[in-house]
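K.L.:
Each residue of the sequence shown is one higher than the one before, counting from 156 in the numbering used here.
No residue lacks a Cβ here, since even glycine has one placed at the ideal position from N, Cα and C.
Source: prediction; values computed, not measured.
One structure follows; several queries about it will come next.
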Amino acid sequence: MKRSLKVFALCLALSTILPGCVVAPAPGPGAVWVPGHYGPYGGWVPGHWR
């Protein structure tokens, strides 16, 4: 019981210290973020830089 509580506390501490996501800067001047959309053949295309 004590060990699982220590592991839980460690996981909780690490989750608050480490970043949840990484935000990358735009790839270059003039770049535009294109949100997710359906492509010309009906397939989903995730958001990307253009």
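Determine which residues share a DSSP beta bridge with residue 189 and list them.
P.N.:
According to DSSP, residue 189 bridges with 203.
K.L.:
Determine whether the beta carbon atoms of residue 188 and residue 199 lie at a separation below 8 Å.
P.N.:
Not a contact, by the Cβ cut-off of 8 Å.
K.L.:
Taking just the CA atoms, how far does residue 156 sit from residue 167?
P.N.:
Computed Cα separation, rounded: 17 Å.
K.L.:
Just tell me which of 202, 183, 182 has its CA closest to the CA of residue 190.
P.N.:
Among 202, 183, 182, the Cα nearest to that of residue 190 is on 202.
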